[in-house]
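Peer 1: Can you read through this structure? Questions will come right after.
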Amino acid sequence: MRTSVGIADLDEAAQHWREHGWVLVDGLVPTADIDHAVEELWDLYPRPEEFHSGDPALRERFVGRSYNQGHKFPKVDSEGAAFRPEQFLGHILFPYTSHRLNRLQVHADVVRFARMAMGIDDIRIYQARIWGKYTGVANYEQPFHQDRNHNVVPDRLEAGWWNLEGFLYLSDVDDGVAPTELAGGPADRVRPYDGPPDGDRISAAGVRGSFLAYRPDVWHRGVDLSRPGGSRFLMSASFKPGGADWIGYDNVQPVSNGPLWSKFAASCTPDELSLFGAPLPGHPYWTSELVDALEDRYRGIDATPWRDALS
């Protein structure tokens, strides 16, 4: 297995994603921006040194705050790579109780790269959550797999139809704290394999602020945390073309009348809100009365762009 070498040049990184289906963008988001947001991560998760102190209350807090998808998988008693229910502890869905982390979810550098790689401007965020892991919580070894659970029809692996899955590294993710493992292979495929291709096994280790982007046809797997006292935190940020209703995972509509979303929405530009499906200024949806209602719903939002675009 070899460790991936992150690519810092965005044009080169976007081309690598299009040709190979994945890329690790080295330091895409400035470290200062990550560290500023992560100061509030510990309101959502126990600090690693505290979690590993052995206090059972901290494990209970971790489990209790998790959006656990483990119910989809049966309990596994054997060793080896498998999907285990406890692997899926540690998910916390957007919007978060931290406004800084909510703002990080739409960081301009991540959005800009997604548009570059996908080759389109009209994109939507369709997966938004944080995933925290600690050594010893679970055996995190998974088999190689493709993410076919993001699409209700077979993936069309062509420009203009791609969706981009991504992990923004909130912590340094090096060997020992579960960097995602990718199965390398030829770059000229247009249909998914029946199994992972022969080729290099690539460890996507990277510093915080790096962004691992991959397509759903890429074979990958989670690996175990082996470092004593270890932890790893990622922010999922996945994108699809606007109008691709067949692709989906998370959605904000059920919480869009709550205080966390409302504060976030009030801080957004029209472009940022459009990532969640809001019509841009100039769209025929908008009337003067609806712009008034937008200001009333999201107190403090700058509605000038919507109002100025009214015909």
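Residue numbers (this note's numbering): 1039 to 1349. The beta carbon of each residue, even a glycine, is placed where N, CA and C say it ideally should be. This structure is a prediction, so every number in the text was calculated from the model and none was measured.
Assign residue 1275 to one of three DSSP states: helix, strand, or coil.
Peer 2: Translated into the one-based positions of the sequence shown, residue 1275 becomes position 237. The answer is strand: DSSP assigns residue 1275 an E or B state.
Peer 1: With DSSP as the reference, label residue 1328 as helix, strand or coil.
Peer 2: Your numbering for residue 1328 matches position 290 in the sequence shown. Of the three classes helix, strand and coil, the one that applies to residue 1328 here is helix, per DSSP.
Peer 1: Can you list, in chain order, the residues of its chain with a C-beta nearer than 7 Å to that of residue 1206? Leave out the 5 residues immediately preceding and following it.
Peer 2: Mapped onto the sequence shown, residue 1206 falls at position 168. So the qualifying residues of the chain are 1067, 1148, 1249, 1272, 1273 and 1275.
Peer 1: For the candidate residues 1053, 1073 and 1050, whose alpha-carbon lies nearest to that of residue 1245?
Peer 2: As a first step, residue 1245 is located in the sequence shown; it is residue number 207 there, counting from the start. Taking only the C-alpha atoms, the option nearest residue 1245 is 1073.
Peer 1: In the stretch 1085-1118, which residue ranges form an unbroken alpha helix (DSSP H) of at least 4 residues, counting only runs that do not cross its ends?
Peer 2: You should have 1086-1089 and 1094-1103.
Peer 1: Using a Cβ cut-off of 7 Å (strictly closer), state whether residue 1315 contacts chain C.
Peer 2: The chain inventory of the structure shown lacks chain C, comprising one protein chain alone.
Peer 1: Report the CB separation of residue 1286 from residue 1164 in whole angstroms; it is logged as a contact under 8 Å.
Peer 2: Taking the sequence shown and counting its residues from 1, the one referred to as residue 1286 is at position 248. Taking the sequence shown and counting its residues from 1, the one referred to as residue 1164 is at position 126. Contact holds; Cβ gap of about 5 Å.
Peer 1: Judging by CA-CA distance, which residue of 1324, 1304, 1155 and 1270 is the nearest neighbour of residue 1087?
Peer 2: What you label residue 1087 is simply residue 49 of the sequence shown in a count that begins at 1. Ranking 1324, 1304, 1155 and 1270 by Cα distance to residue 1087 puts 1270 first.
Peer 1: Using 10 angstroms around the beta-carbon of residue 1185, count the other beta-carbons present and answer buried if the total reaches 16, otherwise exposed.
Peer 2: Numbered from 1 along the sequence shown, position 147 holds the residue referred to as residue 1185. It is buried - the Cβ of residue 1185 has at least 16 other Cβ atoms within 10 Å.
Peer 1: Taking contact to mean at least 3 C-beta pairs separated by less than 8 Å, is the stretch 1249-1258 in contact with the stretch 1293-1300?
Peer 2: No: fewer than three Cβ pairs fall under 8 Å.
Peer 1: Using beta-carbon positions only, say whether residue 1243 and residue 1234 come within less than 7 Å of one another.
Peer 2: Within the sequence shown, numbered from 1, the residue matching residue 1243 stands at position 205. Within the sequence shown, numbered from 1, the residue matching residue 1234 stands at position 196. It is not a contact, given that the beta carbons lie outside the stated cut-off.
Peer 1: If I measure Cβ to Cβ from residue 1136 and keep anything under 8 Å in the same chain, skipping five residues before and after, which residues do I get?
Peer 2: As a working mapping, residue 1136 is identified with position 98 in the sequence shown. Only 1075, 1078, 1079, 1081 and 1082 meet the Cβ criterion.
Peer 1: To the nearest angstrom, how far is the alpha carbon of residue 1346 from that of residue 1156?
Peer 2: Reading the sequence shown from its first residue, position 308 is the one you call residue 1346. Reading the sequence shown from its first residue, position 118 is the one you call residue 1156. Distance between the alpha carbons of residue 1346 and residue 1156: 30 Å.
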